[in-house]
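Student:
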Amino acid sequence: MRGSEFENRVRHAAKPKSPTESPAPRLSNGPDADALRAALSDAVASPVPAPSPSRKRQRIVYGDRFIPNREGVDLQASYSLLHADGSPSTPSKPKKRTPHGELHFQKTEEANRTFSTLLRSELFHNEIPQGSPSSLTTRNSARDSARAPTPPATNSSTNTPATPSKNLFTYMSPKTRTPQTRHGPNVDTRSEIYSLSPVRFDSQRMLLSPRKQPRAVSKVPYKVLDAPELADDFYLNLVDWGSTNILGVGLGSCVYMWNSASGMVTKLCDLGTDDKVTSVSWIQRGSHVAIGTNKGYVQIWDAKECRRLRVMTGHTARVGALAWNDHILTSGSRDRTIYHRDVRAPDQHIAKLVGHKQEVCGLKWNCEDGQLASGGNDNKLFVWDKLSEQPLYKFTEHTAAVKAIAWSPHQHGTLASGGGTADRRIKFWNTLTGQPISEIDTGSQVCNLAWSKNSNEIVSTHGYSENQIVVWKYPSMTQVVSLTGHTYRVLYLAMSPDGQVIVTGAGDETLRFWNCFAKNKNEGRMSIALDPFQQIR
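Below is the structure:
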């Protein structure tokens, strides 16, 4: 065996073979083999052609900033990759997020409002710029003046260039302090530029100020009562809660009383097959209750004795609204008239008010000022002074029927009114000056309004299309809670004597009881101190 051939075999045997590599063919000696070896050596010796410049991959030039796009990035999942002790874990299937409570939702809303206020303050310094041409011109001129070279300062007396100040490189100029305020100690305004905080001192003060924790309101009614034949009629007022802690409800042709302390239900009256109950209203103090009927009668009953005291006439159509002011009972009807009745006098009425062009569906007395508010299907809201037969104010801003009316027990002369489906707004009025205060679009039909007796809050019930109950903080009109559960319009609303509980009724023939407001701190000083739900809780 020749030496060269032996070396070639040793090299070939030492070279590792890949699984898919086929063994190289052996070349035998001969003229054909010599020609093949020469061709292979020429191919190996020839240089590989370099790629042309046109085929080179183009280099991508990026900007000097990288702004990440966080759309579709689940930051919560990134945090879940770490254990509680900080050690990394393998990604797992994301768990179902449990719904947060109402208190967490309220805190989140408060945090969002705080962030919006902070951002607006930092960007605009409490001044929102307007995109008008004049403001653009002002900004452009200010920008051009900033770019223009500043002329050297001169001494006005000698007209010579002023010498630079010796305090040019001092760390801080003399301090200028603001006067002492109730928010805290005075603030060094010049040292703000050296602050390590990313926000201004005003924003820091806002963030560090103590905040009142939102109260939690249960979104589930603690009691639900069946109310068969509870009419689904926007213009009726069939539910009222008296000062003796008894709830009166008109169902069909009957009036029932529910004692919230004992839970007993008593049938007060039955009007028969030819008449129906259209309104129920308790006197402010006592056990007398007024009942309006579909035939236009007004009946007064002694609920304690279950005895009818008298029947008053005058209206020619159904009586859908009733309101008491001590011994004065006011009734509103579909015949567009309003009657004042003195229940002590034998006369059927002592005054007749004419002003509405359609059915009167809302009546509320302000007993402190002696003012009466009336709302009608003609979209009008009237304010009457005492027993005057001419309205003191006429408010025509609503664009739908005005049934929801409520006087504030906290602000003197403040009246709230709500409009129907085409209006959906709650408006506030100053009846001392006759001027509007504010308004808010609720997004759905406003059926009832009632002020809290214990806090500066107002509750509204709604119809199309949400069927919700909303508690608002006045005057900011921020939502405290929104309650849902009724499947029909929430047409009826009444409040317990202690002001803690509201009851709502709807066309779904149910009465739902909600714990919405806190207990009155001065309850022990009140002449009537009741705990209506002591046995139910």
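FYI, full-length UniProt numbering numbers position 307 of the sequence shown as 307, with every residue one higher than the one before it.
The beta-carbon is built from N, C-alpha and C at its ideal position, and this holds for glycine as well.
1. Beta carbon of VAL490, beta carbon of ILE458: below 8 Å?
2. Go ahead and label HIS462 buried or exposed: buried means 16 or more other beta carbons lie within 10 angstroms of its beta carbon, across all protein chains shown.
3. What is the DSSP secondary structure of GLY226, reduced to helix, strand or coil?
4. With a cut-off of 8 Å, do at least 3 Cβ pairs link the region 210–219 to the region 387–398?
5. Do you know offhand how far VAL360's Cα is from TYR339's?
6. Which whole-angstrom value describes the C-beta separation of SER279 and ASN237, a residue pair presumed to lie in contact below a C-beta threshold of 8 Å?
7. Using alpha carbons as the reference points, say which of GLU109, LYS107, LEU196, ARG200 lies closest to ARG120.
8. Using only alpha-carbon positions, find the residue among ILE502, GLU509, THR510 that is nearest to CYS516.
9. Can you tell which of VAL480, LYS352, TRP241, GLY505 has its C-alpha closest to the C-alpha of ARG285?
10. Taking 8 Å as the threshold (C-beta atoms), are VAL319 and GLY292 in contact?
11. Of the choices GLN500, ALA227, SER374, whose alpha-carbon is the least far from that of TYR235?
12. Report the option in LYS276, CYS447, VAL383, HIS356 whose CA atom is closest to the CA atom of THR433.
13. TYR256 and THR266 - do their beta-carbons sit closer together than 8 Å?
14. Would you tell me roughly how many angstroms separate the C-alpha atoms of ALA345 and ARG215, rounded to the nearest one?
15. Taking the alpha-carbon positions, what's the ASP275 to GLY296 distance?
16. Between which residues of its own chain and ARG334 is the CB-CB distance below 6 Å, once the five residues before and five after are set aside?
17. Could you pull the start and end residues of the alpha helix (DSSP H) that MET206 belongs to?
18. Quick one: using the 10 Å Cβ neighbour count with 16 as the cut-off for buried, is THR313 buried or exposed?
19. Measuring straight from C-alpha to C-alpha, what distance separates THR442 and THR421?
20. Cα separation between THR510 and ALA323?
21. Ordered along the chain, which non-local residues of its own chain (more than five positions away) have a Cβ less than 6 Å from that of ILE405?
22. Find the nearest neighbour of SER452 within the set ASP498, VAL343, PRO436, judged by alpha-carbon distance.
23. Closest to GLY252 by CA distance: which of GLN204, GLN371, ASN259, LEU268 is it?
24. So, for ASN325: in the same chain, excluding its five sequence neighbours on each side, which residues have a beta-carbon less than 7 Å away from its beta-carbon?
25. Using a Cβ-Cβ cutoff of less than 7 Å, which residues in the same chain neighbour ASP226 once the five nearest sequence positions on both sides are dropped?
Tutor: On the basis of the supplied data:
1. Against a cut-off of 8 Å, the Cβ pair of ILE458 and VAL490 comes out as no contact.
2. Buried, since its Cβ has 16 or more Cβ neighbours within 10 Å.
3. Per the sequence shown, residue 226 should be read as Asp rather than Gly. Three-state result, ASP226: strand.
4. Short answer: they don't touch.
5. About 11 Å.
6. Confirmed, about 5 Å.
7. Taking only the C-alpha atoms, the option nearest ARG120 is ARG200.
8. When C-alpha distances from CYS516 are compared across ILE502, GLU509, THR510, the shortest belongs to ILE502.
9. When each option's Cα is compared against that of ARG285, the closest is TRP241.
10. Taking the C-beta atoms as reference points, VAL319 is found nearer than 8 Å to GLY292.
11. Nearest C-alpha to TYR235 among GLN500, ALA227, SER374: SER374.
12. If we check each option's Cα against that of THR433, VAL383 comes out closest.
13. Yes, the pair counts as a contact, with Cβ atoms nearer than the cut-off.
14. When the Cα atoms are used, ALA345 and ARG215 turn out to be separated by approximately 48 Å.
15. So the alpha carbons of these two residues sit roughly 10 Å apart.
16. Here the set comprises ALA317, ARG318, GLU359.
17. Note, MET206: alpha helix (DSSP H), 201–208.
18. Answer is exposed; the Cβ neighbour count stays below 16.
19. Taking the straight line from one Cα to the other gives about 10 Å.
20. Cα to Cα, THR510 sits roughly 24 Å from ALA323.
21. Cβ within range, chain order: GLY362, LYS364, ALA373, GLY375, SER417.
22. With respect to the C-alpha of SER452, the residue from ASP498, VAL343, PRO436 having the closest C-alpha is ASP498.
23. The shortest CA-to-CA distance from GLY252 to any of GLN204, GLN371, ASN259, LEU268 is the one to LEU268.
24. TRP365, CYS367.
25. Non-local C-beta neighbours of ASP226 in its own chain, meaning closer than 7 Å and more than five positions away in sequence, comprise GLU509, THR510, ordered along the chain.
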